[in-house]
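Protein chains in written order, with the numbering used here: chain X, 6 to 516; chain H, 6 to 516.
Even for Gly, the Cβ is constructed at its ideal location relative to N, Cα and C.
Small disclaimer: the values here were computed from a predicted structure and weren't measured.
Protein chains: 2
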Amino acid sequence: MPLPPGEDMFATAKIGRSLSKAAYKEEEEQLRTALLEAQIAIRERNIPVYLIIAGMEGAGKGGVVNTLDEWLDARGVNVYAFWEESDEEKMRPRAWRFWRAMPRRGEIGVFFGGWYLHPIEERFSGSWDDADLDQCLRGIRELERMLIHDDAIIVKCWYHFSEEVQRKKLKALARSDRSRWKMLPKKSKFSEEYQRFEEVADRVVRSTDIGRAPWHIIEATDHRYRDMTTGRILLREMESALSEAPHPERRVDDSPSNTPTDMLPNAPEARITLLDRIDLEQTIERDDYRRRLAELQAELNDLTWRAYAKKLSTVLVFEGVDAAGKGGAIRRVTQAVDSRLREVISIAAPTDEEKAHHYLWRFWRKVPRAGRMTVFDRSWYGRVLVERVEGFTSQANWARAFLEINDFEHQLTSSGVIVQKFWLQISKDEQLARFKARENTSYKQYKITDEDWRNRERWDDYRDAVNEMLARTSASHAPWNLIAGNDKRFARIQVLETVTKALRTALKARD
Amino acid sequence: MPLPPGEDMFATAKIGRSLSKAAYKEEEEQLRTALLEAQIAIRERNIPVYLIIAGMEGAGKGGVVNTLDEWLDARGVNVYAFWEESDEEKMRPRAWRFWRAMPRRGEIGVFFGGWYLHPIEERFSGSWDDADLDQCLRGIRELERMLIHDDAIIVKCWYHFSEEVQRKKLKALARSDRSRWKMLPKKSKFSEEYQRFEEVADRVVRSTDIGRAPWHIIEATDHRYRDMTTGRILLREMESALSEAPHPERRVDDSPSNTPTDMLPNAPEARITLLDRIDLEQTIERDDYRRRLAELQAELNDLTWRAYAKKLSTVLVFEGVDAAGKGGAIRRVTQAVDSRLREVISIAAPTDEEKAHHYLWRFWRKVPRAGRMTVFDRSWYGRVLVERVEGFTSQANWARAFLEINDFEHQLTSSGVIVQKFWLQISKDEQLARFKARENTSYKQYKITDEDWRNRERWDDYRDAVNEMLARTSASHAPWNLIAGNDKRFARIQVLETVTKALRTALKARD
Numbered sequence: 006m007p008l009p010p011g012e013d014m015f016a017t018a019k020i021g022r023s024l025s026k027a028a029y030k031e032e033e034e035q036l037r038t039a040l041l042e043a044q045i046a047i048r049e050r051n052i053p054v055y056l057i058i059a060g061m062e063g064a065g066k067g068g069v070v071n072t073l074d075e076w077l078d079a080r081g082v083n084v085y086a087f088w089e090e091s092d093e094e095k096m097r098p099r100a101w102r103f104w105r106a107m108p109r110r111g112e113i114g115v116f117f118g119g120w121y122l123h124p125i126e127e128r129f130s131g132s133w134d135d136a137d138l139d140q141c142l143r144g145i146r147e148l149e150r151m152l153i154h155d156d157a158i159i160v161k162c163w164y165h166f167s168e169e170v171q172r173k174k175l176k177a178l179a180r181s182d183r184s185r186w187k188m189l190p191k192k193s194k195f196s197e198e199y200q201r202f203e204e205v206a207d208r209v210v211r212s213t214d215i216g217r218a219p220w221h222i223i224e225a226t227d228h229r230y231r232d233m234t235t236g237r238i239l240l241r242e243m244e245s246a247l248s249e250a251p252h253p254e255r256r257v258d259d260s261p262s263n264t265p266t267d268m269l270p271n272a273p274e275a276r277i278t279l280l281d282r283i284d285l286e287q288t289i290e291r292d293d294y295r296r297r298l299a300e301l302q303a304e305l306n307d308l309t310w311r312a313y314a315k316k317l318s319t320v321l322v323f324e325g326v327d328a329a330g331k332g333g334a335i336r337r338v339t340q341a342v343d344s345r346l347r348e349v350i351s352i353a354a355p356t357d358e359e360k361a362h363h364y365l366w367r368f369w370r371k372v373p374r375a376g377r378m379t380v381f382d383r384s385w386y387g388r389v390l391v392e393r394v395e396g397f398t399s400q401a402n403w404a405r406a407f408l409e410i411n412d413f414e415h416q417l418t419s420s421g422v423i424v425q426k427f428w429l430q431i432s433k434d435e436q437l438a439r440f441k442a443r444e445n446t447s448y449k450q451y452k453i454t455d456e457d458w459r460n461r462e463r464w465d466d467y468r469d470a471v472n473e474m475l476a477r478t479s480a481s482h483a484p485w486n487l488i489a490g491n492d493k494r495f496a497r498i499q500v501l502e503t504v505t506k507a508l509r510t511a512l513k514a515r516d
Numbered sequence: 006m007p008l009p010p011g012e013d014m015f016a017t018a019k020i021g022r023s024l025s026k027a028a029y030k031e032e033e034e035q036l037r038t039a040l041l042e043a044q045i046a047i048r049e050r051n052i053p054v055y056l057i058i059a060g061m062e063g064a065g066k067g068g069v070v071n072t073l074d075e076w077l078d079a080r081g082v083n084v085y086a087f088w089e090e091s092d093e094e095k096m097r098p099r100a101w102r103f104w105r106a107m108p109r110r111g112e113i114g115v116f117f118g119g120w121y122l123h124p125i126e127e128r129f130s131g132s133w134d135d136a137d138l139d140q141c142l143r144g145i146r147e148l149e150r151m152l153i154h155d156d157a158i159i160v161k162c163w164y165h166f167s168e169e170v171q172r173k174k175l176k177a178l179a180r181s182d183r184s185r186w187k188m189l190p191k192k193s194k195f196s197e198e199y200q201r202f203e204e205v206a207d208r209v210v211r212s213t214d215i216g217r218a219p220w221h222i223i224e225a226t227d228h229r230y231r232d233m234t235t236g237r238i239l240l241r242e243m244e245s246a247l248s249e250a251p252h253p254e255r256r257v258d259d260s261p262s263n264t265p266t267d268m269l270p271n272a273p274e275a276r277i278t279l280l281d282r283i284d285l286e287q288t289i290e291r292d293d294y295r296r297r298l299a300e301l302q303a304e305l306n307d308l309t310w311r312a313y314a315k316k317l318s319t320v321l322v323f324e325g326v327d328a329a330g331k332g333g334a335i336r337r338v339t340q341a342v343d344s345r346l347r348e349v350i351s352i353a354a355p356t357d358e359e360k361a362h363h364y365l366w367r368f369w370r371k372v373p374r375a376g377r378m379t380v381f382d383r384s385w386y387g388r389v390l391v392e393r394v395e396g397f398t399s400q401a402n403w404a405r406a407f408l409e410i411n412d413f414e415h416q417l418t419s420s421g422v423i424v425q426k427f428w429l430q431i432s433k434d435e436q437l438a439r440f441k442a443r444e445n446t447s448y449k450q451y452k453i454t455d456e457d458w459r460n461r462e463r464w465d466d467y468r469d470a471v472n473e474m475l476a477r478t479s480a481s482h483a484p485w486n487l488i489a490g491n492d493k494r495f496a497r498i499q500v501l502e503t504v505t506k507a508l509r510t511a512l513k514a515r516d
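If you want it as structure tokens, here you go:
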């Protein structure tokens, strides 16, 4: 129900519509049956469903959920209320708690208030101004678009009623034991608060009423009308999604076709940029290396303890061509960091729980707690590297991933996490030499597989993908560091210097 | 290395053994290769490995881990340090944090201090006495036995050295920036503290030196000797486990063959107990039902808010024959509880992440935070019901599960969680009537499958399994409640009365 701007969108929820018990009973069996069939189809088609239940205090959101509990097959329905934050949630970017609760493909996640509860409360309480609110709502639009592109169905219901009705309902609630926890605003303040809440709601609903995830304003005066309407809407949304095999719209908007061509891999500027600029022959003397390594590791250990004290988190991303020396560089970092402060995540094939979610879910799972460091040995960039080059995902998916990845990293850095990304590059000859060396060193043979040789044949395709990745995802807040890797020692020192510098700078900024 | 009681087990760690750089280098390549081969075999055989790194302050446990990081394939090795507890951990039984970190089958979990760090610190600091310590160590033995029965390899290394050596090491550490966080005991106190720590260590190591998970005392005076010895031990343990296809010992001890025969299903006493004692014909009048339901739900809502305030958690387990009315009974409970305070877990087939862990892992994942309620619609009892009757697991496994389940529930209740278990029983005729009704009600058809009919044919096998389950797992702290289900309304009232009573009693006890 997209709303014509200007008119009072909530007017439709103050008509006093109701449904008789008879009419309700008559429709219920048929609706239940249809809902269950749709739920089964959703499961078979692996479509995740997000049902967001939001609206006025006293509208009986809990009642809606209880009715749906009864109508739907409980297996595959999960209800989440984003209420108090645990400290593990406080210690990470805000979105982490939502990612924790994302439904698996084929399941229905019922989100109480969803990502709307917090901004509405902050604005209503006055601790946010409109600008804060709008910024948060932009983020929400991004998130919902991303989920829709991942073939999710998002059904957003807003429950509303007139001031008089709310006054009655809250009084009744306040009387009954079962809701004594709900507090009734002071009589005098009531009108004023109703008005102010409605203004906030209006701003929130209007600016998040996006095409594929529209708001449904539902009058909550009568509980039967409220529940039946919710059921009808949920059914309609599921059925329409099922009728369209992956919806075209979901694929088009946001796809970066309209991005400056000089960032596209085949533009001549791209061909000569970045990777080719690295002087791979840079080296360091063995003795200098030993000295610098000791200095830098000592400083890093000290810095990570200070970062821990200041609750400053770090995310390090290591990508690079095969045999570029990622493992060795990572170990030189982890050797210096107390193992209680860091975790190394080696990205292998996703588990089925990971496959059952958006591809960023598995990385959100690993976002470090405040003061800790997480090192990713390969990362979310697989989406625009191996998945792109090997054709594991559609052009639309990897093309859109640049936007999604930038947004993800922005959420990390804007919550104060240090993000440093390393691309380790070696020459094609050096790679060949290392492959051979691995084959000849017993304890390194496990590292070299036919796949490495296959990837090597696609050297140029990877180079193009890497160039575009570097161009599209380098940001001052989450920079790519190109590391010349032909000399392993030189590369390790470069990495350690970058990490220590980033920590030193961030810590200074916090003093 | 099981230790003859009486003699000083740590004497072997004060000899001053060391390894020359040359000898180290010479052995290293061969050891690395063998370790990698073993690691690959472990992965193929899906054997989980627990490596516990514990011992004296300053022994360089971090150094051991860094060396292993280098020797092993980082993919499939996860390092965990059980240090500060997050509040999500504090809000649950202590073991929850370990279950969070359990390695997947085929992977190696390196546990810094593991479950030994906490008891040693508590006893050393004097906040525990020997009795507290011994009780905790008993729990550790249970846990390790359970993991071993699940085919895990547990390698426990204790790093130790003489007082003089420790004095030197700690001084050095205190000087170097990299460990400024480590504190050196006052000179005067040093000997005394060394002695006291060794006494605690002695008690801990001796009483957890169990057959299949022995302690290895490793002298940490020389880092090369320390690391090489660790590598050798890890290799030997992995190889010996690989050489024995599932080890006999792992299957026998603990298996309840020696339990009183009157608890075995075929004893005549068992046949007539429990299930047959329920009077299935009990009923309640529709009007009484309406009144009681309203009263009990109102009280339950109130009780759950008070439990939330008191951080009192509740776990409800619902099991029963097919069509006994579990879903309806659960909904009458959840309708009364604010959705922010409760979660319903419907147990379906395990995901592959769940399959890759001990069968209790998926339930540990769902243990409620303090003040919340988790309702399990089917549960860990599947192990001794469907898995037993359908032969999905070995006799040894389900027979041992009684012990494991009792231990699991004891950990919940002893940490203050309310545990109430419900068995919903209906007569065979009533079940038939309900199956037919389901087939004739469009929105209930999804609930009735061929499997239900198959289970029905095994009615007697299930009855025996249920009788034994009830006999073996009823405890005053985690009781089974047998619910007469032929009258759904009667059953729901029984459930609500039990839950409210349990909450009321527990809350009173806390006043």
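Note on geometry: alpha-carbon atoms of Q200 (chain X) and S167 (chain X) lie some 10 Å from one another. Contiguous alpha helix (DSSP H) elements confined to the region 196–250 of chain H occur at 228–248, taking only those with 4 or more residues.
Per DSSP, E348 (chain H) lies in no alpha helix (DSSP H) segment; the continuous beta strand (DSSP E) that holds it begins and ends at R347 to S351. Taking CB atoms only, W88 (chain H) has a neighbour in chain X less than 7 Å away.
The criterion of a C-beta distance shorter than 7 Å is not satisfied by L41 (chain H) and L240 (chain H). Within the region 439–453 of chain H, S447, Y448 and Y451 place their CB atoms closer than 7 Å to a CB of chain X, listed in sequence order.
Using beta-carbon distances, L41 (chain X) counts as an interface residue toward chain H, with a partner under 7 Å.
Counting of Cβ neighbours within 10 angstroms places E456 (chain X) among the exposed residues, the total staying below 16.
When DSSP states are grouped into helix, strand and coil, W458 (chain X) belongs to the helix group. Using a Cβ-Cβ distance cut-off of 8 Å, the region 12–30 of chain H and the region 213–227 of chain H are in contact, since at least three pairs of beta carbons, one from each stretch, lie closer than that value. Distance from the CA of R393 (chain X) to the CA of R150 (chain X), rounded to the nearest whole angstrom, comes to 21 Å. Against G67 (chain X), the close residues of chain H are D343 and S344, in the order they occur along the chain (beta-carbon pairs closer than 8 Å). Secondary structure of G60 (chain X) (DSSP, three-state): strand.
Not a single C-beta of chain X is nearer than 7 Å to the C-beta of Q171 (chain H). Taking a Cβ-Cβ cut-off of 8 Å, the neighbours of G332 (chain H) in chain X comprise A79, given in sequence order.
Taking 7 Å as the CB threshold, R336 (chain H) lines the interface with chain X. The region 379–397 of chain X makes no contact with the region 355–363 of chain X; the number of CB pairs closer than 8 Å stays below 3. Looking at the DSSP output, Y55 (chain X) sits in a beta bridge with X:G114 and X:I159.
Residues of chain X whose Cβ lies closer than 9 Å to the Cβ of A353 (chain H) are, in chain order, R80 and G81. Pairwise C-beta distances place the region 107–121 of chain X out of contact with the region 380–389 of chain X, as fewer than three of them are shorter than 8 Å. When the Cα atoms are used, R497 (chain H) and K449 (chain H) turn out to be separated by approximately 19 Å.
With a cut-off of 8 Å on Cβ pairs, the region 321–329 of chain X is in contact with the region 368–383 of chain X, counting three or more such pairs. Here T339 (chain H) is near R347 (chain H), since their CB atoms are less than 7 Å apart.
Between I283 (chain X) and T213 (chain H), the alpha-carbon positions lie close to 56 Å from each other.
Burial of D155 (chain X) is indicated by the presence of at least 16 other C-beta atoms within 10 angstroms of its C-beta. With fewer than 16 other Cβ atoms inside 10 Å of its own Cβ, W464 (chain H) counts as exposed. Taking 7 Å as the cut-off between beta carbons, the residues of the region 109–137 of chain H near chain X are F117, in sequence order. Sequence-ordered contacts of the region 358–387 of chain X with chain H read E358, E359, A361, R374 and D382 [C-beta pairs closer than 9 Å]. Ranking H:A507, H:A246 and H:I335 by CA distance to the CA of I159 (chain H) puts H:A246 first. K161 (chain H) and D343 (chain X) have their alpha carbons spaced roughly 21 Å apart. Shown here, I335 (chain X) sits in a helix according to DSSP, grouped into three states. Counting only residues of its own chain and dropping the five nearest sequence neighbours on each side, F413 (chain H) has a CB closer than 6 Å to the CB of L365.
Distance between T38 (chain H) and A79 (chain H), taken at the CA atoms: about 14 Å. By the rule that beta-carbons nearer than 7 Å mark a contact, V70 (chain H) touches chain X. M378 (chain X): not part of any alpha helix (DSSP H); member of the beta strand (DSSP E) spanning M378 to D382, first to last residue.
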